[in-house]
Structures are given as C-alpha cells and as structure tokens.
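Residue numbers (this note's numbering): 2 to 295. Heads up, the beta-carbon is just placed ideally off N, CA and C, and yes, glycines get one too. Have a look at the structure below, then the notes.
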Ligand SMILES: C[S@@+](CC[C@H](N)C(=O)[O-])C[C@H]1O[C@@H](n2cnc3c(N)ncnc32)[C@H](O)[C@@H]1O
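This is how it looks when you write it as structure tokens:
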C-alpha cells in the first residue's frame, strides 16, 4: 500500500496485478526479448535456473556482482530484472570494458583481474557485501577456485554464488580434467560432504577434507564455520548457497506429527519431543550407537 501525495487521509493500493508486465518479468524473457543494446552471452539452460534462484528477490534492494562482463549486456538485463537493486557491479580484465557506459547509475564497471587484491578491494568499496555473485570470468580451474576463495566471504548470509560455464573444468586447456582431484570441480564436490559435516562418524576434520587445496594457505572461515548451506551441480553451472547463519547443525529438529502409527508404533514415543541434530543409526548396530554416544 502506498499513500498518494495530498491524499494523506486515505491510502490507495498501488500493488501491481500479478499479470502486470513488470510483475511478469523474468530473466528468461528479458534475455529472449533483448533485440538491442549491449550484447549478452549466456547458455539458455541457465535462464530458468536464474529465475528460480533470483526470482524470489526480484523486487528487493539487492547488490549483485558479475565477474566477466565482456560486452556488458548481462548487466543491462540484471538492471531490468532487479528494478530495486542497489548496486550492480561488473568486473572484467579486458581494458576495452572501460568504454562500457550505462545510463543506469546503479551499474559500475571495474576493469582488472578479479583475482587481484586491489581489484577485490575496489569491488568491495562499491558494496561491502553482495546478495548474488556470478563468476563468468576466465573459466579456468585455477581462477574459479581463486575467485571463490576471494569472493565467497563477500556474499551476504542467505546469498548465492554461481559459477557459469563449468564444462571447461573437463577441458585440459582450462586446467580441467575429469579424473583430477585438484580441479575446481573436485574442490566443489567436497561441499557435498561439508554440508553433511554434523553426520560424520570418523575423526576426520574439515581441514583434512580440504587439505589438498589449502597446503600453503589457511582454510577459509566460510568453509570451517558452516557458511556453505548447499551446493548444486548442473550442466555447466555450480551454485553455492550461503547459510543465513554460520552453523554445521543444518538438519534441524525432528518433527513427528500425527497420532496413527500402524506400521512403526515405537515412533510415537518421540512425538512432540523436539530432538535436535541427526539421529543415531537404527537397528542392531550397537557398536555404532556406542560410538555415536561417544
Ligand atoms: C564469457 S565472457 C563474459 C560474458 C558476460 N558475462 C555475458 O553474460 O555476456 C568472459 C569475460 O571474462 C573476462 N575475464 C577473464 N578473466 C578475467 C579475470 N581474471 N577477471 C575479470 N574478468 C575476466 C574476459 O575478459 C571476458 O570478457
């Protein structure tokens, strides 16, 4: 509801109807309808994924960073989609990107290597934290890894980090290799174990898990403290969601509802009780249960 000037005694509902073109806007339609302006270059399978990821926040005052903007068209589309965005920042190593001009004052372009600390500092000066970060830069395994280590800490709690074009991580020219344990894909595959850390039954540590990637540097706090909420692998896209709070206790409380338990009655004894965290294994695995209880 919004009050119209001069009508302070009553307010008029100016919310847009669901079918209004501004409400109907989607990242997919904006891309498909873009006939003029700066060129954008995305695989069309990404577009519904972006709508699913970013759609719920399309009216919010978000900050977005895209590493690798080339002709700059994707920034135009983000600005049309996120009508209330605060800052839309693009970074590109190509000096010709300095010539990209936008009438939308929310858009900034930083020219330089995203993985240099000075460039990172300039990006952070524009917005201290970002809701969405997209890595569409060099697509080499080393750069993808470096950028994640440098920029995931800049993602706001609850935000999303997307790596595009990860098919290159299977191509030797980009440092990719299906079987190598050292590619950026291998690094991100470890996140499947990381997000399940609370269920580990052995004495391995998160430092052990990521050891081969942080031989000469310390493990980022984002990984050790439980900031990774989820990881999603798609064809050519890797999506990492940042947790709202730093915790490894992600499974939550066991919720048993209902009163009829004709198959497994014993479950009712836990009904209404709030159990936190994972459960010990069921059945006659006494040794494991003992280990669980420590
Ligand atoms: C695939 S294009 C980006 C396309 C753009 N995001 C779009 O959707 O239209 C990749 C861009 O990444 C830039 N790039 C490569 N390495 C980079 C780096 N280390 N830092 C910043 N930009 C980089 C290249 O100059 C190139 O313009």
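Below 6 Å, is the gap between the Cβ of residue i and the nearest heavy atom of ligand 1?
i: residue 34; result: no
i: residue 185; result: no
i: residue 68; result: yes
i: residue 75; result: yes
i: residue 138; result: yes
i: residue 94; result: yes
i: residue 46; result: no
i: residue 80; result: no
i: residue 115; result: yes
i: residue 41; result: yes
i: residue 71; result: yes
Taking all protein chains shown into account, do 16 or more other C-beta atoms lie within 10 angstroms of the C-beta of residue i, making it buried, or fewer, making it exposed?
i: residue 34; result: exposed
i: residue 101; result: buried
i: residue 116; result: buried
i: residue 242; result: buried
i: residue 159; result: exposed
i: residue 165; result: buried
i: residue 206; result: exposed
i: residue 137; result: buried
i: residue 64; result: buried
i: residue 167; result: buried
i: residue 260; result: exposed
i: residue 258; result: exposed
i: residue 10; result: Residue placement at residue 10 is poorly supported in this model, since its pLDDT is 39, which falls under 50; the coordinates still yield a value, given next. With fewer than 16 other Cβ atoms within 10 Å, it is exposed.
Under 7 Å, do residue i and residue j count as touching if we go by C-beta distance?
i: residue 114; j: residue 135; result: no
i: residue 162; j: residue 66; result: no
i: residue 129; j: residue 88; result: no
i: residue 86; j: residue 107; result: yes
i: residue 226; j: residue 247; result: yes
i: residue 170; j: residue 186; result: yes
i: residue 80; j: residue 105; result: yes
i: residue 198; j: residue 249; result: yes
i: residue 269; j: residue 262; result: yes
i: residue 31; j: residue 78; result: yes
i: residue 90; j: residue 98; result: no
i: residue 223; j: residue 118; result: no
i: residue 195; j: residue 156; result: no
i: residue 28; j: residue 82; result: yes
i: residue 192; j: residue 232; result: yes
Length at least 4, wholly inside the segment 70–122: the alpha helix (DSSP H) runs in chain order
List check, alpha helix (DSSP H) in window: 74–82.
Okay, do the segment 62–75 and the segment 38–46 touch, 3+ Cβ pairs below 8 Å being the bar?
Enough Cβ pairs lie closer than 8 Å, so yes.
Enumerate, from N- to C-terminal direction, the unbroken beta strand (DSSP E) stretches of 3 or more residues contained entirely within the segment 135–203.
Listed in chain order, the complete beta strand (DSSP E) runs (minimum 3 residues) inside the segment 135–203 are 156–165.
Check whether the segment 174–181 touches the segment 136–146, taking contact to mean three or more Cβ pairs, one atom from each stretch, closer than 8 Å.
Under the Cβ criterion (8 Å, minimum of three pairs), the segment 174–181 counts as touching the segment 136–146.
Taking contact to mean 3 or more Cβ pairs, one atom from each stretch, closer than 8 Å, check whether the segment 46–53 and the segment 225–239 are in contact.
Flag = yes, the segment 46–53 and the segment 225–239 touch.
Across the segment 213–223 and the segment 150–161, are there enough close Cβ pairs to call them in contact, namely three or more that are closer than 8 Å?
They touch, by the three-pair rule.
Pick out the complete alpha helix (DSSP H) segments inside the segment 213–245, 4 residues or longer, and give them in chain order.
With a minimum length of 4 residues, the continuous alpha helix (DSSP H) runs that stay inside the segment 213–245 are 222–225.
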